[in-house]
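Okay, structure first, notes after.
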DNA sequence: AGCACGCCGACT
DNA sequence: GTCGGCGTGCTC
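Spelled out as structure tokens, the structure:
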């Protein structure tokens, strides 16, 4: 047993540059057995109490170098982070140029984001020695008597001012606090809104004292419930003399009385049992008979749902050889990464499922990452069906509390498999054996907010820590991954390529027809459907088969535009158009929150021809109805899926064949699998191609390939119609031939010529400042300084040079969104390659600039390996 | 990030 | 003369 004092090195929850380092705190003896790396604690920090994470525990130096304070409180019995996650946080902070606290915070559910709550109590020297916890003092006389007792004497003195008088306001406040012993400051200032000064004075004089406690913001799930506001006897009496006019109210009251031992009752139950409206209950509430309140309910997002158990399917020989390779790696218990390139329908999921089974049987756990958009009930069902309640599911639609509960199942070892979006890569398993990332190429794996991490890189890093296996699966792997796998560079983390080129059920990939929309126009067809697609839909209607229509439009906001003059409603503080919100019927800026009512006439030209432009699905729906009277369409876009479970309902409707056409944006392209879909139509294949993004061709190819894979997955053969204005574009051509390899060959050529990933890496540096001239000067200054430092280190500045260590900096130029919250924005693009610490240098120069006096209000943000360049 | 200390304008 | 504006400096 250690004899000396122990010190905890902690990272405090203060996201600033100055505090992005460890601070030392003494560990009180009582906490010694509990404090370990990953523990969450409350520590005094300056005048405040803040939350902090323990990074390491070390013996205290003798003699101490500086005054050290002690940990105030241990916040969890089981540390929310494991030592490997703490280490991962350090790595992330360097890799993604963020504060360590940001990296640690993103690993745990927001329910554990503790914030200090301030409490006010009577200062110890004045408090009663044996005060009862609830000592109700109602009137001033009562208070007077209490004050005169021996125990209250000290407090009585303290309340007297210099001239021997005492202030009635002070007395009111003090007695209020005495009643409750301890009052949250917030509550106190709500109760005495005008008396802030008096409270401050009492604190200064030491009559009152303040303490701070870290409170988790556990969002409890609640449900509206009804309770009696009066006693049962009184309610029974009231029931007798209810007027005949309020018959419904009488029924409600009687219902509650009947079930008085079960109160409070869920509002929903009352409403449905009696088939009364909420207004009836509201009327009773207004009369003071009942109250409605929020009560907590137990959370399990999948409670009551049965999942049909599934057995492992026999594997095809392709699946078998991939599976065996992974099993070999798992059995070695060594870190290994695989890129599983399997065409749509090749049965990747079954390979995942059986690999997980193997991993579990080794007594290790597995993480399955899927893009948020494809974390559909169908997907969850497949995993729950195979592994039952050994699976925890985490996705953004869960409430904070549900998420917290699922996360606890993982940490407490009650599940073996975690399936979720991006952040599930941090699932706190102890013995991680396998991490699967499905649809590896999806850009949603990159977090766009700080910390701007990429789940793929984090997964590989975590697997390395645990000696675990990573499987990156996709029908259209990202060029970065594919290039790394194929070139098998000296990168020790480069994945090994595994291929599954044929469909598991043996059916062929659907035939893809490209429709040249320019030709349609020349032939006099001005409709949004080509003649062939039109006919295809008609045939499906006749044969009672189904059609999926995809509108490839990037961005998912609805904006308001004037058809006469082209005016678009924009935010006055940000260089961005306002988004239309149906629910509140107003326009909002999603960067700064500014909102305004929807204009009835155009503020520019006065025209009344002002209307919403959204994803355009509505227009397609209208045209379908016109062309095919009686056609049943399920439309999926942001407007129809914003409600909870809307997604699921719409898909079920389609699956049950209650609709002929499923129409939607990107969200219909992913992972859906309907047996009767024999036609897939892409209305506009190339709308993303003109975007200023070097990945435009790659994204177009991926989308077309994914959507083409939706057709004919079962017995019925499938057909795909792709409408395009640039049918000669290589991404369209190769996608139509299901030819990934040729697409990659051509795309890599372009990337090499233009010096883009995977031939180099990128760092996007964004600067913002209130004054444009100052901003431009500082951004130029940054660019020049970085360029100079790189030269000093012997890194070449020209990507054309065939040397290995290169750093080139482009810009500054105005950012695509050139102003946000009244701050102008400029950006630089750093391109680099080789064995150099480009990220470290870019960060270092940014730090130095932020410190210099002239750059006071400058903000610099780095995005390492950005996905969005806009 | 907060919360303090510290130095210059509009008011009792 | 004071209250209070927010510039800058520190937190084990």
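In the UniProt record's numbering, the protein residues as written are 1 to 870. We put the CB at the ideal spot given by N, CA and C, even for glycine. It should be emphasised that the depicted structure is a prediction, and the values quoted were computed from it without experimental measurement.
**Asked** Looking at the structure shown, is residue 331 part of a helix, part of a strand, or coil, going by DSSP?
**Response** Along the first chain, read from residue 1 onward, the residue named residue 331 stands at position 331. Note: residue 331 maps to helix in three-state DSSP.
**Request:** Report yes if the C-beta distance between residue 707 and residue 663 is below 7 Å; otherwise report no.
**Result:** Here residue 707 refers to the residue found at position 707 when the first chain is read from its first residue. Here residue 663 refers to the residue found at position 663 when the first chain is read from its first residue. Not in contact: residue 707 and residue 663 (Cβ atoms no closer than 7 Å).
**Prompt:** Straight-line CA distance for residue 723 to residue 734?
**Reply:** Taking the first residue of the first chain as 1, we reach residue 723 at position 723. Taking the first residue of the first chain as 1, we reach residue 734 at position 734. If I take the Cα positions, the gap works out to 14 Å.
**Message:** Please state the DSSP three-state secondary structure of residue 562.
**Reply:** Locating residue 562 in the first chain gives position 562, where the first residue counts as 1. Residue 562 falls in the strand class under three-state DSSP.
**Segment limits, beta strand (DSSP E) that includes residue 454** = If you number the first chain from 1, residue 454 lands on position 454. Run containing residue 454: none; DSSP gives neither H nor E here.
**Prompt:** residue 377 by DSSP, collapsed to three states: which one?
**Reply:** Translated into positions along the first chain, residue 377 becomes position 377. Note: residue 377 maps to helix in three-state DSSP.
**Request:** Output the boundary residues of the beta strand (DSSP E) element that contains residue 119.
**Result:** Within the first chain, numbered from 1, the residue matching residue 119 stands at position 119. Run containing residue 119: 115-122, per the beta strand (DSSP E) assignment.
**Message:** Please report the straight-line C-alpha distance between residue 508 and residue 678, rounded to a whole angstrom.
**Reply:** Along the first chain, read from residue 1 onward, the residue named residue 508 stands at position 508. Along the first chain, read from residue 1 onward, the residue named residue 678 stands at position 678. Cα to Cα, residue 508 sits roughly 13 Å from residue 678.
**Request:** Would you please state the rounded distance, in angstroms, between the beta carbons of residue 699 and residue 685? I believe it to be under 8 Å.
**Result:** Position 699 of the first chain, counted from the start, is the residue given in the question as residue 699. Position 685 of the first chain, counted from the start, is the residue given in the question as residue 685. That pair is no contact at about 12 Å.
**Request:** Find the nearest neighbour of residue 692 within the set 440, 92, 868 and 729, judged by alpha-carbon distance.
**Result:** Numbered from 1 along the first chain, position 692 holds the residue referred to as residue 692. Comparing Cα positions, the closest option is 868.
**Message:** Please report the straight-line C-alpha distance between residue 511 and residue 502, rounded to a whole angstrom.
**Reply:** Stepping through the first chain from its first residue, residue 511 is reached at position 511. Stepping through the first chain from its first residue, residue 502 is reached at position 502. Roughly 15 Å between the two C-alpha positions.
**Message:** Can you give me the C-alpha to C-alpha distance between residue 173 and residue 41, rounded to a whole angstrom?
**Reply:** Numbered from its first residue, the first chain carries residue 173 at position 173. Numbered from its first residue, the first chain carries residue 41 at position 41. Their Cα atoms are separated by approximately 32 Å.
**Request:** For residue 257, collect the residues of the same chain with a Cβ closer than 8 Å to its Cβ; drop the 5 residues on either side in sequence, then sort them by chain order.
**Result:** For the purposes of this step, residue 257 is identified with residue 257 of the first chain, where counting begins at 1. Excluding sequence neighbours, residue 257 sits near 228, 232, 235, 236 and 239.
**Request:** Could you tell me which of 800, 493, 317 and 767 sits nearest to residue 819, measuring between CA atoms?
**Result:** In the first chain, counting from the first residue as 1, residue 819 sits at position 819. Checking every option, the nearest Cα to that of residue 819 belongs to 767.
**Message:** Taking the alpha-carbon of residue 771 as reference, which of 779, 252 and 14 has the nearest alpha-carbon?
**Reply:** What you label residue 771 is simply residue 771 of the first chain in a count that begins at 1. Per the Cα distances, 779.
**Prompt:** Is residue 458 closer than 7 Å to residue 369 when the C-beta atoms are compared?
**Reply:** As a first step, residue 369 is located in the first chain; it is residue number 369 there, counting from the start. As a first step, residue 458 is located in the first chain; it is residue number 458 there, counting from the start. Going by C-beta atoms, residue 369 is not nearer than 7 Å to residue 458.
**Prompt:** Enumerated in chain order, which unbroken segments of the beta strand (DSSP E) with a length of 3 residues or greater are wholly contained in the stretch 503-591?
**Reply:** 511-516, 546-550, 559-562, 579-581 and 586-588
**Asked** What residue from 28, 264 and 210 has the CA that sits closest to residue 293's CA?
**Response** Stepping through the first chain from its first residue, residue 293 is reached at position 293. Taking only the C-alpha atoms, the option nearest residue 293 is 264.
**Item:** Residue from 76, 28 and 85 with nearest C-alpha to residue 68
**Value:** Here the question's residue 68 lines up with position 68 in the first chain. Ranking the options by Cα distance to residue 68, first place goes to 28.
**Message:** So, for residue 130: in the same chain, excluding its five sequence neighbours on each side, which residues have a beta-carbon less than 6 Å away from its beta-carbon?
**Reply:** Mapped onto the first chain, residue 130 falls at position 130. Annotation note: pLDDT 38 at residue 130 (below 50); position unreliable, coordinate value reported separately. The answer is none, since no qualifying residue turns up.
**Prompt:** With respect to the alpha helix (DSSP H) encompassing residue 354, which residues constitute its N-terminal and C-terminal limits?
**Reply:** The sequence position of residue 354 within the first chain is 354, counting from 1. Run containing residue 354: 348-361, per the alpha helix (DSSP H) assignment.
**Item:** Close Cβ partners of residue 44 (< 7 Å) along its chain, the five nearest in sequence each way excluded
**Value:** As a first step, residue 44 must be located in the first chain, where it is residue number 44. Result list for residue 44: 69 and 72, in chain order.
**Message:** If you follow the alpha helix (DSSP H) that residue 831 is in, where does it begin and where does it stop?
**Reply:** Taking the first chain and counting its residues from 1, one reaches residue 831 at position 831. That residue, residue 831, is in no alpha helix (DSSP H); its beta strand (DSSP E) goes 823-833.
**Asked** Taking buried to mean at least 16 other C-beta atoms within 10 Å of its own C-beta, is residue 736 buried or exposed?
**Response** Within the first chain, numbered from 1, the residue matching residue 736 stands at position 736. Classification of residue 736: buried, given that the 10 Å Cβ count is 16 or more.
**Request:** For residue 803, name the three-state secondary structure that DSSP assigns.
**Result:** By 1-based counting over the first chain, the position of residue 803 is 803. Coil, per DSSP.
**Asked** Span of the beta strand (DSSP E) holding residue 24?
**Response** Within the first chain, residue 24 is the residue found at index 24, counting from 1. Counting along the chain, the beta strand (DSSP E) containing residue 24 begins and ends at 23-26.
**Request:** Please look up how many angstroms separate the CB atoms of residue 421 and residue 375, rounded, as I've assumed it's under 8 Å.
**Result:** As a first step, residue 421 must be located in the first chain, where it is residue number 421. As a first step, residue 375 must be located in the first chain, where it is residue number 375. About 6 Å; that satisfies the 8 Å criterion.
**Request:** Given a cut-off of 7 Å, decide if residue 866 and residue 762 are closer than it, judged by their beta-carbon atoms.
**Result:** Residue mapping note: residue 762 aligns to position 762 of the first chain, counting from 1. Residue mapping note: residue 866 aligns to position 866 of the first chain, counting from 1. Yes, the Cβ-Cβ distance between residue 762 and residue 866 is below 7 Å.
**Request:** Report the three-state DSSP secondary structure of residue 388 (helix, strand or coil).
**Result:** Position 388 of the first chain, counting from 1, holds the residue named residue 388. Three-state DSSP puts residue 388 in a helix.
**Prompt:** Which residue spans inside the stretch 222-250 form an unbroken beta strand (DSSP E) run of at least 3?
**Reply:** 222-228
**Asked** Are residue 160 and residue 126 close, meaning C-beta to C-beta below 7 Å?
**Response** Along the first chain, read from residue 1 onward, the residue named residue 160 stands at position 160. Along the first chain, read from residue 1 onward, the residue named residue 126 stands at position 126. Result no, Cβ atoms of residue 160 and residue 126 do not sit closer than 7 Å.
**Asked** Where do the N-terminal and C-terminal ends of the beta strand (DSSP E) with residue 187 fall, by residue?
**Response** Along the first chain, one-based indexing puts residue 187 at 187. Here residue 187 belongs to no beta strand (DSSP E); instead the alpha helix (DSSP H) covers 185-191.
**Request:** Along the beta strand (DSSP E) that carries residue 863, what are the first and last residues, could you check?
**Result:** The count along the first chain starts at 1 and reaches residue 863 at position 863. 859-864 is the extent of the beta strand (DSSP E) around residue 863.
**Item:** Nearest-angstrom Cβ-Cβ length linking residue 433 and residue 362, presumed shorter than 8 Å
**Value:** Within the first chain, residue 433 is the residue found at index 433, counting from 1. Within the first chain, residue 362 is the residue found at index 362, counting from 1. At roughly 6 Å, the Cβ-Cβ gap stays under 8 Å, so residue 433 and residue 362 are in contact.
**Request:** Run the CB neighbour count on residue 452, radius 10 Å, all protein chains shown included, and call it buried at 16 or more, exposed below.
**Result:** Counted from its first residue, the first chain places residue 452 at position 452. Label assigned to residue 452: buried.
**Message:** Looking at residue 824: is its Cβ nearer than 7 Å to the Cβ of residue 775?
**Reply:** Against the first chain, residue 824 aligns to sequence position 824. Against the first chain, residue 775 aligns to sequence position 775. Yes, the pair counts as a contact, with Cβ atoms nearer than the cut-off.
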